[in-house]
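Chains A and B supply the protein sequences, listed in that same order.
Just so you know, we're using my numbering here: the first sequence kicks off at 31 and counts up by one.
Just so you know, we're using my numbering here: the second sequence kicks off at 31 and counts up by one.
The structure under discussion appears below in the form of structure tokens.
There are 2 protein chains.
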Amino acid sequence: MSVTELSPLNSNLDLYPSRKGQPAKIIPRQDPCVYSDDAVRPPISREDIQFYQQNGFLIIKNVFPPEEITDFKNELNHLCSLSTRTADNRFILEKDQQDVRSIFEVHILSKRFEELSEDPRLIELARYLLNDDIYIHQSRVNYKPGFNGNGFNWHSDFETWHTEDGMPRMRALSMSIPLTENTSTNGPLMFVPRSHHHYLSCTEQTPAHHYIDSLKEQQIGIPNPANISGLVSQYGMVQALSQPGSLILFDSNTLHGSNSNISPHPRSNVFFVYNALSNKVVAPFDEAPPRPEFLAARRSIRPIP
Amino acid sequence: MSVTELSPLNSNLDLYPSRKGQPAKIIPRQDPCVYSDDAVRPPISREDIQFYQQNGFLIIKNVFPPEEITDFKNELNHLCSLSTRTADNRFILEKDQQDVRSIFEVHILSKRFEELSEDPRLIELARYLLNDDIYIHQSRVNYKPGFNGNGFNWHSDFETWHTEDGMPRMRALSMSIPLTENTSTNGPLMFVPRSHHHYLSCTEQTPAHHYIDSLKEQQIGIPNPANISGLVSQYGMVQALSQPGSLILFDSNTLHGSNSNISPHPRSNVFFVYNALSNKVVAPFDEAPPRPEFLAARRSIRPIP
């Protein structure tokens with residue numbers, strides 16, 4: 031594993047151009063996936079670290095016991111029942127419906143989720159992988175209700191975070207904790223293994239206020255079908271089937287998405303996005319006004335103690 | 031197995047009321063699932079017949095060899111490329127898209143699919159199960175394209191065929207042949223085993239010209255979530271994972287649906303709905319004008335020779 035230190039002087043350099051009206055390209059990743067040196071002892075097995083580095087994702091079982099998951103689910107139900115939710119932009123509803131699709135900034139909305147976001151079981155691993163002080167770039171619950179849960183189109187988070195938020199480099203990751211079982215029938219996360227080694231640039235420019243539509247259904251910042259097909263035919267697809275209390279870890283540039291959920295069972299996962307402090311956002315690379323703070327921490331960046 | 035002969039005099043009796051503005055109910059099935067007597071030798075194993083009778087579906091592998099499937103896929107591609115398709119109501123496009131969702135009356139549009147609909151491997155089994163002369167009530171391909179294939183909400187076909195088409199009794203079945211692999215990632219059919227023993231009536235009345243919207247996304251004639259949840263918690267859900275050339279058989283009243291398909295791989299299946307000649311449609315039980323002939327044979331009923 032090589033260690034790259036980002037020069038702050040270069041943080042405005044666009045190594046991953048996208049949405050500039052240019053034909054879609056596949057750009058090789060310019061950054062490490064695991065930033066700590068081999069000499070440092072990881073908080074999980076070296077085999078797991080190697081798997082993550084090679085594949086861009088990892089599922090660790092039984093990280094949180096059932097009583098903690100019950101606690102988180104109660105907290106989620108509490109958030110969903112808040113009377114303030116209809117006037118709160120952080121609550122995203124499903125298209126044409128009243129069902130909750132996502133809730134953003136859960137670590138600010140909820141003391142319990144704030145504690146979870148700083149839980150040593152998460153942050154020690156995030157610090158190891160990013161080898162830096164870390165902060166929360168974004169947090170959310172994707173609720174994906176039963177019967178009417180819509181899917182998420184294929185995308186790399188980094189493509190959006192770089193283009194719309196100004197995240198300079200691939201030095202961020204997501205940690206997702208299933209609060210309900212993630213089965214093959216309720217729209218589990220699907221990853222394209224090894225896709226994180228390839229940056230798929232997109233063609234179409236970001237429309238004004240794009241995020242409002244994109245949170246219901248992302249259409250811009252979706253790689254072209256031929257490039258997705260190419261990666262899938264080379265590497266396949268993996269469903270992140272998992273029990274509540276597992277930890278699903280994925281790199282900022284891993285291609286992922288999910289199908290809809292007509293099953294009666296919600297597929298509700300909480301997500302924390304950790305970014306390296308040295309990689310904090312600059313001006314968006316699409317030169318549009320930045321997205322709101324609840325989607326991308328900018329003014330309120332606070333390193334996790 | 032008991033054999034029930036329908037009295038033609040009773041064919042206007044509504045044994046399965048639905049969409050009358052009444053609260054949703056669960057009505058026990060009034061009809062057999064397998065109409066032939068035990069004494070008659072079935073064209074498939076007795077174990078398979080028993081499985082079908084108990085569960086309301088059956089998957090039989092390797093019914094059609096690869097060269098026949100290639101032939102059917104070529105025929106499907108030919109249909110999709112027809113210049114007349116944009117002006118033909120039988121071609122249903124995905125919501126907000128140009129991708130083909132379904133093509134109806136494929137046995138009339140295509141000589142090759144007509145031959146398939148009369149193939150002894152299908153009709154001998156259909157005749158055995160329905161114990162009558164048979165005809166095609168409906169045929170279609172559900173194309174479900176890659177990347178943008180929308181799902182199908184939970185429903186019983188019979189609820190629609192009875193209410194909107196006037197099919198008197200449960201004496202019909204669907205035979206579906208996968209032309210592409212049906213995997214857990216491309217929105218396979220999902221069945222609720224044993225659900226065909228229960229008729230889930232619906233509340234909301236059929237709006238005028240409902241079928242036009244319902245072919246893109248069915249909203250009316252969807253059982254209420256509590257009743258679906260009840261059956262799923264009792265019986266579970268099964269994905270019809272299958273290879274091209276398999277035969278997926280399901281009863282007219284089996285609760286089924288499917289999630290969307292963001293994978294790059296289309297999930298394209300051809301469907302033939304066989305109905306017993308003694309069970310041909312009468313006036314729709316919702317008292318609305320009948321749906322077009324391409325959705326439900328009425329004037330053009332022709333027993334399969």
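We put the beta carbon where it would ideally sit given N, CA and C, even for glycine.
Is residue i helix, strand or coil by DSSP?
i, result
"residue 260 (chain B)", "helix"
"residue 281 (chain B)", "strand"
"residue 315 (chain A)", "coil"
"residue 87 (chain B)", "strand"
"residue 33 (chain B)", "Since pLDDT at residue 33 (chain B) reaches only 45, below the 50 mark, its modelled position is unreliable, and the value read off the structure follows with that caveat. Reduced to three states, the DSSP call for residue 33 (chain B) is coil."
"residue 58 (chain A)", "strand"
"residue 122 (chain B)", "strand"
"residue 212 (chain B)", "strand"
"residue 117 (chain A)", "helix"
"residue 131 (chain B)", "strand"
"residue 16 (chain B)", "This structure gives no information on residue 16 (chain B), because the portion of chain B shown stretches from 31 to 335."
"residue 228 (chain B)", "strand"
"residue 80 (chain B)", "helix"
"residue 136 (chain A)", "helix"
"residue 308 (chain B)", "helix"
"residue 328 (chain A)", "coil"
Where does residue i land, buried or exposed, given buried means 16+ other C-beta within 10 angstroms?
i, result
"residue 215 (chain B)", "buried"
"residue 329 (chain A)", "exposed"
"residue 258 (chain A)", "buried"
"residue 288 (chain A)", "buried"
"residue 2 (chain A)", "Nothing about residue 2 (chain A) can be reported from this structure: the residues present for chain A run from 31 to 335 only."
"residue 210 (chain B)", "buried"
"residue 33 (chain A)", "Confidence is the limiting factor: at residue 33 (chain A) the pLDDT is only 45, short of 50, which leaves the residue's position unreliable and the question unanswerable from this model."
"residue 130 (chain B)", "buried"
"residue 86 (chain A)", "buried"
"residue 156 (chain A)", "buried"
"residue 202 (chain A)", "buried"
"residue 58 (chain A)", "exposed"
"residue 310 (chain A)", "buried"
"residue 315 (chain B)", "buried"
"residue 60 (chain B)", "exposed"
"residue 164 (chain A)", "buried"
"residue 107 (chain A)", "exposed"
"residue 120 (chain A)", "buried"
"residue 279 (chain A)", "buried"
"residue 95 (chain B)", "exposed"
"residue 283 (chain B)", "buried"
"residue 249 (chain B)", "exposed"
"residue 70 (chain A)", "exposed"
Along chain A, which residues have their Cβ under 7 Å away from the Cβ of residue i?
i, result
"residue 269 (chain B)", "214 and 215"
"residue 311 (chain B)", "Within 7 Å Cβ-Cβ: nothing; residue 311 (chain B) doesn't reach chain A, min ~28 Å."
"residue 181 (chain B)", "290 and 292"
"residue 184 (chain B)", "292"
Against chain C, does residue i count as a neighbour if the rule is that its beta carbon must be under 8 Å from one of theirs?
i, result
"residue 89 (chain A)", "Note that chain C does not occur in the displayed structure, where the protein chains are A and B."
List, in order along the chain, the chain B residues whose C-beta lies closer than 7 Å to that of residue i?
i, result
"residue 177 (chain A)", "255"
"residue 287 (chain A)", "292"
Give me the Cβ distance between residue i and residue j, rounded to the nearest whole Å; I'm assuming they're in contact under 8 Å.
i, j, result
"residue 46 (chain A)", "residue 192 (chain A)", "5 Å"
"residue 217 (chain A)", "residue 266 (chain A)", "With a Cβ gap of about 19 Å, residue 217 (chain A) and residue 266 (chain A) do not count as contacting."
"residue 160 (chain A)", "residue 326 (chain A)", "No, residue 160 (chain A) and residue 326 (chain A) are not in contact; Cβ-Cβ is about 17 Å, not under 8 Å."
"residue 261 (chain B)", "residue 225 (chain B)", "5 Å"
"residue 143 (chain B)", "residue 105 (chain B)", "6 Å"
"residue 236 (chain A)", "residue 52 (chain A)", "Not quite, the Cβ-Cβ distance comes to about 14 Å (not below 8 Å), so this is no contact."
"residue 41 (chain B)", "residue 312 (chain B)", "5 Å"
"residue 147 (chain B)", "residue 166 (chain B)", "6 Å"
Could you tell me which chain A residues have their CB closer than 8 Å to the CB of residue i, listed as they occur along the chain?
i, result
"residue 220 (chain B)", "215, 292 and 293"
At 8 Å on the CB atoms, spell out the chain B contacts of residue i, in chain order.
i, result
"residue 258 (chain A)", "177 and 294"
Interface residues of chain B around residue i at Cβ under 9 Å?
i, result
"residue 262 (chain A)", "293, 294 and 295"
Ordered list of alpha helix (DSSP H) runs contained in the region 143 to 209 of chain B, each at least 4 residues:
Runs of the alpha helix (DSSP H) inside the region 143 to 209 of chain B: 150 to 160 and 187 to 193.
Please give the ranges of any alpha helix (DSSP H) in the region 91 to 116 of chain A, keeping only runs that are unbroken, at least 4 residues long and fully inside the region. Those alpha helix (DSSP H) runs which fall completely within the region 91 to 116 of chain A and span 4+ residues are 96 to 110.
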